[in-house]
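Novice:
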Amino acid sequence: MKKSLVLFVLLLAVPGCSVWYDFTAYFNLYYNASLAFEQAETVIKEQKKDNLALLEPQIPSSANTSLTKVIEKCSRILQFDAQSSFVDDALLMIGKSFYYQKVYIKAMRKFEELIAMGESSDLIPEAKLWLAKTQMQQKNYTQALDLLNGLKADPETEDEILAAANFEELKYLISIENYDEAFKAANELVKFSEDDVLNAEVLYKMGDIYFQRGDFTNSADSYKRVLDFEPVYEFEINSLIRYAAALRNLDRPTDALRALLELRGEVKYSDKYDYIDLEMGKTYSELGQKERALAVFYEADTAYAQSVQLGNIRYEIGYLYENSLANYDSAAVYYSKALSSTATVEYLPLIRFKADLFNKYITLRNNHRLNQRNFLYATDSAAFVTDSIAFYASADSTAETETTDPNVNPTTTQPRERERTIEPELNEPVKPVTVKPGQKQGIPPVRPILSGDSLMVVAARSAFDLGNLFFNDFNIIDSAFYYYRQILDEYPKNPYAPQVLYALAGCHLVDGDSISADSIYRYIYSTFTEDKIINIIAPKIGKPVIDFDFDPAKEIYVAAEEHFLGGKYQDALQQLYKIFSTYPESPLASKSLYTYGFILEREMKKPDSALTVYDSLIAKYPASPYAQKVTPAVQFVRSEKERIRQQVQDSLNRLKEPVKKDSVITPQKPEAAPEEMKEEQDEEKKEEESGEDPEKKTGEQAFIYRSNQWQLQLNSPVGTRYNYPSFRLLCRLSG
Numbered sequence: 004m005k006k007s008l009v010l011f012v013l014l015l016a017v018p019g020c021s022v023w024y025d026f027t028a029y030f031n032l033y034y035n036a037s038l039a040f041e042q043a044e045t046v047i048k049e050q051k052k053d054n055l056a057l058l059e060p061q062i063p064s065s066a067n068t069s070l071t072k073v074i075e076k077c078s079r080i081l082q083f084d085a086q087s088s089f090v091d092d093a094l095l096m097i098g099k100s101f102y103y104q105k106v107y108i109k110a111m112r113k114f115e116e117l118i119a120m121g122e123s124s125d126l127i128p129e130a131k132l133w134l135a136k137t138q139m140q141q142k143n144y145t146q147a148l149d150l151l152n153g154l155k156a157d158p159e160t161e162d163e164i165l166a167a168a169n170f171e172e173l174k175y176l177i178s179i180e181n182y183d184e185a186f187k188a189a190n191e192l193v194k195f196s197e198d199d200v201l202n203a204e205v206l207y208k209m210g211d212i213y214f215q216r217g218d219f220t221n222s223a224d225s226y227k228r229v230l231d232f233e234p235v236y237e238f239e240i241n242s243l244i245r246y247a248a249a250l251r252n253l254d255r256p257t258d259a260l261r262a263l264l265e266l267r268g269e270v271k272y273s274d275k276y277d278y279i280d281l282e283m284g285k286t287y288s289e290l291g292q293k294e295r296a297l298a299v300f301y302e303a304d305t306a307y308a309q310s311v312q313l314g315n316i317r318y319e320i321g322y323l324y325e326n327s328l329a330n331y332d333s334a335a336v337y338y339s340k341a342l343s344s345t346a347t348v349e350y351l352p353l354i355r356f357k358a359d360l361f362n363k364y365i366t367l368r369n370n371h372r373l374n375q376r377n378f379l380y381a382t383d384s385a386a387f388v389t390d391s392i393a394f395y396a397s398a399d400s401t402a403e404t405e406t407t408d409p410n411v412n413p414t415t416t417q418p419r420e421r422e423r424t425i426e427p428e429l430n431e432p433v434k435p436v437t438v439k440p441g442q443k444q445g446i447p448p449v450r451p452i453l454s455g456d457s458l459m460v461v462a463a464r465s466a467f468d469l470g471n472l473f474f475n476d477f478n479i480i481d482s483a484f485y486y487y488r489q490i491l492d493e494y495p496k497n498p499y500a501p502q503v504l505y506a507l508a509g510c511h512l513v514d515g516d517s518i519s520a521d522s523i524y525r526y527i528y529s530t531f532t533e534d535k536i537i538n539i540i541a542p543k544i545g546k547p548v549i550d551f552d553f554d555p556a557k558e559i560y561v562a563a564e565e566h567f568l569g570g571k572y573q574d575a576l577q578q579l580y581k582i583f584s585t586y587p588e589s590p591l592a593s594k595s596l597y598t599y600g601f602i603l604e605r606e607m608k609k610p611d612s613a614l615t616v617y618d619s620l621i622a623k624y625p626a627s628p629y630a631q632k633v634t635p636a637v638q639f640v641r642s643e644k645e646r647i648r649q650q651v652q653d654s655l656n657r658l659k660e661p662v663k664k665d666s667v668i669t670p671q672k673p674e675a676a677p678e679e680m681k682e683e684q685d686e687e688k689k690e691e692e693s694g695e696d697p698e699k700k701t702g703e704q705a706f707i708y709r710s711n712q713w714q715l716q717l718n719s720p721v722g723t724r725y726n727y728p729s730f731r732l733l734c735r736l737s738g
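For reference, each letter of the sequence shown is one residue, going 4 to 738 in the working numbering.
#1: Once the 5 residues before and after Val299 are set aside, which same chain residues still bring their CB inside 7 Å of it?
#2: Looking only at C-alpha atoms, which of Ile74, Leu458, Ala56 sits nearest to Val205?
#3: For Leu599 and Tyr580, what's the separation of their Cα atoms in angstroms?
#4: Select from Lys623, Leu504, Lys194 the residue whose C-alpha is nearest the C-alpha of Asp231.
#5: Flag this pair as yes or no: are the beta carbons of Tyr526 and Ile540 separated by less than 7 Å?
#6: Spatial neighbours of Ala110 within its chain, please: C-beta separation below 7 Å, excluding the five flanking residues on both sides.
#7: What whole-angstrom Cβ distance do Leu367 and Asp476 have, given they're in contact under 8 Å?
#8: Residues in the same chain with beta-carbon distance under 8 Å from Pro60, minus the five sequence neighbours each way, listed in chain order, please.
#9: Between Val90 and Leu81, which are expected to be in contact by the criterion C-beta below 8 Å, what is the C-beta distance as a whole number of angstroms?
#10: Between the stretch 63 to 70 and the stretch 216 to 228, do at least 3 Cβ pairs fall closer than 8 Å?
#11: Tell me which residues share the same chain as Val513 and place their Cβ nearer than 6 Å to its Cβ, disregarding the 5 neighbours each side in the sequence.
#12: Just verifying my parser: in three-state terms, what is the DSSP assignment at Pro352?
#13: In whole angstroms, what is the alpha-carbon distance linking Asn152 and Lys131?
#14: Can Asn315 and Ala346 be called in contact, C-beta distance under 7 Å?
#15: Within the chosen definition, does the stretch 378 to 398 reach the stretch 443 to 458 through at least 3 CB pairs nearer than 8 Å?
#16: With distances taken between CB atoms, is the gap from Met209 to Ala223 smaller than 7 Å?
#17: Does the distance from the C-beta atom of Lys307 to that of Leu313 stay below 7 Å?
#18: Given this structure, state the Cα-to-Cα distance separating Glu319 from Phe361, to the nearest angstrom.
#19: DSSP state of Ser627, grouped into three classes?
#20: Output the distance between the C-alpha atoms of Lys530 and Ile549, rounded to the nearest integer angstrom.
#21: In terms of alpha-carbon separation, which member of Tyr364, Leu342, Val348, Gln649 lies closest to Arg355?
#22: Give the straight-line distance between the Cα atoms of Lys76 and Ala43, rounded to the nearest whole angstrom.
#23: Just confirm the distance between the C-beta atoms of Pro555 and Tyr586, as a whole number of angstroms; I'd bet it's less than 8 Å.
#24: Residue ranges of each alpha helix (DSSP H) run of no fewer than 4 residues wholly in the stretch 87 to 175, ordered along the chain?
#25: If you reduce the DSSP assignment to three classes, tell me which class Arg421 lands in.
#26: Locate the alpha helix (DSSP H) running through Ala520, then write down its first and last residues.
#27: Among the residues of its own chain, which have a CB less than 8 Å from the CB of Leu507, if the five just before and after it don't count?
#28: Quick one: what's got a C-beta closer than 6 Å to Lys357's C-beta in the same chain, skipping five residues either side?
#29: Answer yes or no: do Phe170 and Tyr207 have a C-beta to C-beta separation smaller than 7 Å?
#30: Output the residue ranges of the alpha helix (DSSP H) runs that lie fully inside the stretch 229 to 262 and measure 4 residues or longer, sorted by chain position.
#31: With distances taken from CA atoms, which of Gln141, Asn143, Ser178, Leu192 is nearest Leu165?
#32: In angstroms with no decimal places, state the Cα-to-Cα distance between Thr257 and Arg251.
#33: Which of the three DSSP states, helix, strand or coil, is assigned to Pro590?
#34: If you count every other CB in all the chains shown that lies within 10 Å of the CB of Pro451, and 16 or more means buried, which is it?
#35: Spatial neighbours of Leu32 within its chain, please: C-beta separation below 6 Å, excluding the five flanking residues on both sides.
#36: Of all the options Val633, Met607, Glu606, which has the alpha carbon lying nearest to the alpha carbon of Ser619?
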């Protein structure tokens with residue numbers, strides 16, 4: 004806008020035709036276009052949430068409409084006022100408008116047109132900058148960086164353009180996570196940029212990156228420098244809070260707490276009290292004041308029910324219960340609550356992981372307790388009777404107390420929010436329950452159905468799963484050791500003994516007791532000779548590895564394959580049959596039968612023999628993949644053979660049946676037979692008297708004979724049965 008006013012004043016001072024062109028172009032088109040562009044660009048910048056994001060967001064529809072008008076007006080300048088001095092400005096505005104509208108090809112064309120004008124325009128550096136921005140959006144990073152480096156290397160490039168070039172390079176470096184170079188670009192940007200708001204945002208972003216990388220010294224320095232510029236409110240308060248968090252991670256919790264307490268005393272930061280309290284609770288915990296930390300978290304949990312930090316606060320409560328108080332039940336409750344609450348991005352993966360882990364723990368723990376009780380009841384009937392009596396007696400006593408005590412006031416028994424107990428069941432809202440005398444509460448003891456041996460295996464397995472959870476996921480060796488020892492002591496005949504001992508040796512190794520671990524390894528190797536776990540142990544104690552997969556049929560099968568490839572099919576069949584007959588339990592037995600049938604079918608062309616072999620394969624090894632492969636084909640062949648057999652049988656049955664008279668056509672008498680039939684009968688009589696076999700006729704006689712017979716059959720009236728000698732032969736020919 005300032006440039007427009009300056010140009011207008013200059014126009015009035017310079018005479019000539021060019022002044023007229025500039026005057027008309029300015030007032031008719033350029034002024035309105037530049038005003039619309041500034042308004043659209045302001046809306047776009049206000050809507051943009053992350054200035055350091057590499058890709059441009061979608062612009063508001065109002066801004067898009069304004070930019071379309073800008074393109075129309077500036078295009079008219081290029082078309083009708085090409086001699087004015089606003090041509091380069093029009094090209095730049097059109098290019099920028101296309102850039103914001105994400106029409107990058109047209110934007111690049113306009114910037115290149117402007118650059119081609121050469122020294123006649125002072126907008127060339129800005130056009131190169133925007134061309135580089137457009138190349139970035141097109142993911143032509145090499146070309147974009149070349150343009151940016153050219154601008155930075157040019158000594159005549161203004162500081163504003165240099166700062167913008169460093170800013171574009173910074174966005175790219177952050178997107179590819181090249182943070183070392185990003186820090187350099189950020190420092191260069193702050194050096195040349197006069198935009199204090201942008202500088203504050205860049206330093207805040209650098210502080211976040213340093214913090215995520217664990218460089219808390221540079222993180223604290225970056226957060227502190229944010230206040231040297233003019234940050235927006237969000238960056239101002241967040242940088243102050245995160246500065247305190249960086250101090251805490253630099254082993255300066257006292258300084259961190261002092262900074263947070265100062266923020267907590269500022270009323271203008273009241274909308275961030277949830278975030279401040281979260282960091283205060285973590286700082287108290289770092290100072291060793293666990294109860295004070297819990298108190299702060301409890302109050303925040305109650306006061307900020309709609310806060311985005313609620314999930315973070317509940318996660319920290321669960322973390323305290325887990326790691327400081329070793330109360331896993333309460334930790335599980337708060338991790339579950341955190342999962343159903345709103346949380347910030349950095350906390351979400353932590354919350355999901357802990358909620359899933361503790362849900363798994365609670366499930367395994369409860370299953371193991373149930374399995375322990377069932378095993379006890381199955382092996383000790385007196386324990387079942389004792390527990391049942393105690394359960395019903397306790398239920399009756401509780402019911403009597405609750406119905407006869409007039410001094411109980413339900414409103415006074417509810418704990419206050421700040422006086423919560425750490426037991427998980429008391430942290431949940433309790434619904435009032437009216438208990439009548441004799442009414443039972445809880446789950447009564449149930450006598451198990453399974454045998455003691457089966458329940459022992461189940462209980463050992465659940466204990467083993469719990470031990471593994473503590474060893475692998477919680478990394479609490481003492482708890483893992485406890486459950487592994489419980490399996491060996493309480494369930495000595497369980498099938499998991501080798502695995503449990505191996506895990507127990509791992510616990511000793513973590514504790515640095517390699518002697519005990521080596522002793523356990525040697526015991527496993529010498530005792531559980533049939534378990535494959537000994538091959539894992541063997542290298543640790545210098546023992547040989549055992550081949551559990553050894554199969555004597557392998558060598559025979561290899562020999563059969565060599566015979567097959569050499570074309571010696573009979574020798575191959577002998578070797579394959581030897582596998583089937585000698586090692587019927589071998590995994591290669593079914594394969595050998597399949598190969599046997601394959602050779603008969605494909606190479607020796609004996610499908611009937613192959614079918615017999617396939618039948619044996621299906622009968623002996625129905626679950627093998629080879630039996631499943633040939634079953635459809637065998638079933639099809641069998642069904643086809645049965646169909647053909649049935650057809651032949653039906654034809655024979657029809658021949659034996661007497662010919663029924665037709666109810667419509669009256670059969671002719673034998674004496675009324677056609678003349679040619681009589682002639683044929685006479686001829687057949689002569690042949691019979693001469694002893695000549697009609698089937699032995701050859702050449703033309705045979706052809707005439709068979710043709711006559713078929714013609715007789717076709718011309719005979721339906722239902723007529725003639726008694727002549729050629730009927731038998733005719734049936735044979737037609738069948």
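Quick reminder that beta carbons are idealized off the backbone N, C-alpha and C, glycines included.
Specialist: On the basis of the coordinates in this document:
#1: Numbered from 1 along the sequence shown, position 296 holds the residue referred to as residue 299. Hits under 7 Å: Asp280, Met283, Gly284, Tyr287.
#2: In the sequence shown, counting from the first residue as 1, residue 205 sits at position 202. Checking every option, the nearest Cα to that of Val205 belongs to Ala56.
#3: The count along the sequence shown starts at 1 and reaches residue 599 at position 596. The count along the sequence shown starts at 1 and reaches residue 580 at position 577. Here residue 599 turns out to be Tyr, not Leu, going by the sequence shown. Answer to the nearest angstrom: the Cα atoms are 8 Å apart.
#4: Locating residue 231 in the sequence shown gives position 228, where the first residue counts as 1. Ranked by Cα distance from Asp231, the options Lys623, Leu504, Lys194 are led by Lys194.
#5: Reading the sequence shown from its first residue, position 523 is the one you call residue 526. Reading the sequence shown from its first residue, position 537 is the one you call residue 540. No, the Cβ-Cβ distance between Tyr526 and Ile540 is not below 7 Å.
#6: Residue 110 sits at position 107 when you count from the first residue of the sequence shown. Around Ala110: Gly98, Phe101, Tyr102, Thr137.
#7: Counting from 1 along the sequence shown, the entry for residue 367 is found at position 364. Counting from 1 along the sequence shown, the entry for residue 476 is found at position 473. In fact, because the Cβ distance is near 11 Å, the residues do not count as touching under 8 Å.
#8: Counted from its first residue, the sequence shown places residue 60 at position 57. So the list reads Gln50, Lys51, Lys52, once near-sequence residues are dropped.
#9: Locating residue 90 in the sequence shown gives position 87, counting from the first residue. Locating residue 81 in the sequence shown gives position 78, counting from the first residue. Correct: roughly 6 Å between the Cβ atoms.
#10: no
#11: The residue given as residue 513 occupies position 510 in the sequence shown. Excluding positions up to five away in sequence, the list reads Ile480.
#12: Translated into the one-based positions of the sequence shown, residue 352 becomes position 349. Helix.
#13: By 1-based counting over the sequence shown, the position of residue 152 is 149. By 1-based counting over the sequence shown, the position of residue 131 is 128. Asn152 and Lys131 have their C-alpha atoms roughly 11 Å apart.
#14: Within the sequence shown, residue 315 is the residue found at index 312, counting from 1. Within the sequence shown, residue 346 is the residue found at index 343, counting from 1. Yes, the pair counts as a contact, with Cβ atoms nearer than the cut-off.
#15: yes
#16: Looking up residue 209 in the sequence shown gives position 206. Looking up residue 223 in the sequence shown gives position 220. Taking 7 Å as the Cβ cut-off, Met209 and Ala223 do not qualify as a contacting pair.
#17: For this step, residue 307 is matched to residue 304 along the sequence shown. For this step, residue 313 is matched to residue 310 along the sequence shown. Sequence check: residue 307 is Tyr here, not Lys. Yes, the pair counts as a contact, with Cβ atoms nearer than the cut-off.
#18: Taking the sequence shown and counting its residues from 1, the one referred to as residue 319 is at position 316. Taking the sequence shown and counting its residues from 1, the one referred to as residue 361 is at position 358. Cα to Cα, the separation comes out at about 14 Å.
#19: Here residue 627 corresponds to residue number 624 of the sequence shown, with the count starting at 1. In the structure shown, Ser627 sits in coil (DSSP, three-state: anything other than H, G, I, E or B).
#20: Taking the first residue of the sequence shown as position 1, residue 530 is located at position 527. Taking the first residue of the sequence shown as position 1, residue 549 is located at position 546. Reading off the sequence shown, one finds Thr at residue 530, where the question assumed Lys. Rounded to the nearest angstrom, the two C-alpha atoms are 14 Å apart.
#21: One-based indexing of the sequence shown puts residue 355 at position 352. If we check each option's Cα against that of Arg355, Leu342 comes out closest.
#22: Position 73 of the sequence shown, counted from the first residue, corresponds to residue 76. Position 40 of the sequence shown, counted from the first residue, corresponds to residue 43. So the two alpha carbons sit approximately 15 Å from each other.
#23: Mapped onto the sequence shown, residue 555 falls at position 552. Mapped onto the sequence shown, residue 586 falls at position 583. That belief holds up - the Cβ atoms of Pro555 and Tyr586 are roughly 6 Å apart, short of 8 Å.
#24: 90 to 103, 107 to 119, 127 to 140, 144 to 156
#25: Numbered from 1 along the sequence shown, position 418 holds the residue referred to as residue 421. Caution is warranted here: a pLDDT of 34 is assigned to Arg421, below 50, making its placement in the model unreliable, and the coordinate value is therefore given only provisionally. Reduced to three states, the DSSP call for Arg421 is helix.
#26: Position 517 of the sequence shown, counted from the first residue, corresponds to residue 520. First-last of the alpha helix (DSSP H) with Ala520: 517 to 530.
#27: Position 504 of the sequence shown, counting from 1, holds the residue named residue 507. Excluding residues within five positions, the ones whose Cβ falls inside 8 Å are Phe484, Tyr487, Arg488, Leu491, Ile523.
#28: By one-based count along the sequence shown, residue 357 stands at place 354. Result list for Lys357: Tyr338, in chain order.
#29: Taking the sequence shown and counting its residues from 1, the one referred to as residue 170 is at position 167. Taking the sequence shown and counting its residues from 1, the one referred to as residue 207 is at position 204. No, Cβ-Cβ distance for Phe170 and Tyr207 is not below 7 Å.
#30: 236 to 252
#31: The residue you call residue 165 lines up with position 162 of the sequence shown. The candidate whose alpha carbon is nearest that of Leu165 is Leu192.
#32: Here residue 257 refers to the residue found at position 254 of the sequence shown. Here residue 251 refers to the residue found at position 248 of the sequence shown. Approximately 8 Å between the Cα atoms of the pair.
#33: As a position in the sequence shown, residue 590 is number 587, starting the count at 1. It is helical.
#34: Translated into the one-based positions of the sequence shown, residue 451 becomes position 448. The residue in question, Pro451, is buried, as its Cβ has 16 or more Cβ neighbours within 10 Å.
#35: As a first step, residue 32 must be located in the sequence shown, where it is residue number 29. Correct list, in chain order: Lys76, Arg79, Ile80.
#36: Stepping through the sequence shown from its first residue, residue 619 is reached at position 616. With distances taken between Cα atoms, Ser619 lies closest to Val633.
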